[in-house]
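In our numbering, the protein residues as written are 1 to 156.
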């Protein structure tokens with residue numbers, strides 16, 4: 001496994017992967033930026049930088065997250081939420097075929113090991129609220145605004 005640490009507008013991103021793909025992308029408040037980037041994580045670093053610069057709306061590097069079969073199913077469902085759009089936990093549960101699994105879906109969402117790339121930040125409460133986010137609600141708000149900027153319109 002190779003690890004890279006990059007600076008983002010939301011903190012220091014940790015990217016971990018090997019020749020099978022990227023298994024972890026997380027964010028923290030502090031850390032030391034990598035001075036060299038191993039080839040197995042380079043494409044992820046490049047694409048994440050492009051995303052933050054507003055040049056990318058999707059990711060196409062190999063993913064290799066570790067999780068249960070159910071978690072993998074939820075994470076695949078998250079990948080289907082389009083850039084700039086949101087859905088509720090209830091919507092995602094319905095899409096996955098079991099409306100009663102809403103708590104399990106929310107739990108799997110919270111265990112997503114691939115920050116931003118598997119867009120768990122695009123899942124909101126049924127009432128439109130910004131509910132739960134492992135990286136902090138301020139990061140979730142920032143990501144949603146980054147993906148769907150709105151301009152203030154005059155009332156007059």
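All residues carry an ideal CB built from backbone N, CA and C; glycine is no exception.
Opening and closing residue of the alpha helix (DSSP H) in which residue i lies
{"i": "residue 107", "result": "102–110"}
{"i": "residue 93", "result": "89–95"}
{"i": "residue 24", "result": "From DSSP, residue 24 is part of no alpha helix (DSSP H) but of the beta strand (DSSP E) over 21–28."}
{"i": "residue 77", "result": "69–79"}
{"i": "residue 66", "result": "No alpha helix (DSSP H) contains residue 66, which DSSP labels as neither H nor E."}
{"i": "residue 158", "result": "No information on residue 158 is available, as it lies outside the stretch 1 to 156 that the chain covers here."}
Where the beta strand (DSSP E) through residue i begins and ends
{"i": "residue 2", "result": "2–8"}
{"i": "residue 44", "result": "Segment 39–52 is the alpha helix (DSSP H) holding residue 44; no beta strand (DSSP E) there."}
{"i": "residue 99", "result": "Per DSSP, residue 99 belongs to no beta strand (DSSP E) and is neither H nor E."}
{"i": "residue 132", "result": "Element bounds for residue 132: n/a, residue is neither H nor E."}
{"i": "residue 16", "result": "11–18"}
Check whether residue i and residue j have beta carbons under 7 Å apart
{"i": "residue 31", "j": "residue 15", "result": "no"}
{"i": "residue 74", "j": "residue 106", "result": "no"}
{"i": "residue 61", "j": "residue 47", "result": "yes"}
{"i": "residue 65", "j": "residue 119", "result": "no"}
{"i": "residue 123", "j": "residue 89", "result": "yes"}
Residue i: CB within 6 Å of a non-hydrogen atom of the ligand COA
{"i": "residue 100", "result": "As far as ligands go, the structure on display features none, and thus does not contain the ligand COA."}
Exposure label - residue i; buried when at least 16 CB within 10 Å
{"i": "residue 99", "result": "exposed"}
{"i": "residue 10", "result": "buried"}
{"i": "residue 79", "result": "exposed"}
{"i": "residue 33", "result": "exposed"}
{"i": "residue 63", "result": "buried"}
{"i": "residue 7", "result": "exposed"}
{"i": "residue 103", "result": "exposed"}
{"i": "residue 72", "result": "exposed"}
{"i": "residue 20", "result": "exposed"}
Assumed close pair residue i, residue j - CB separation to whole angstroms, cut-off 8 Å
{"i": "residue 27", "j": "residue 2", "result": "In fact, because the Cβ distance is near 18 Å, the residues do not count as touching under 8 Å."}
{"i": "residue 44", "j": "residue 17", "result": "7 Å"}
{"i": "residue 142", "j": "residue 25", "result": "Between residue 25 and residue 142 the Cβ distance is about 16 Å, and since that is not below 8 Å, they are no contact."}
(request) Flag this pair as touching only if the region 81–89 and the region 136–151 have three or more C-beta atom pairs under 8 Å; answer yes or no. (result) Contact holds: three or more Cβ-Cβ distances are below 8 Å.
(message) Check whether the region 38–52 and the region 88–98 touch, using three or more Cβ-Cβ pairs below 8 Å as the test.
(response) At 8 Å Cβ cutoff, the stretches do not touch.
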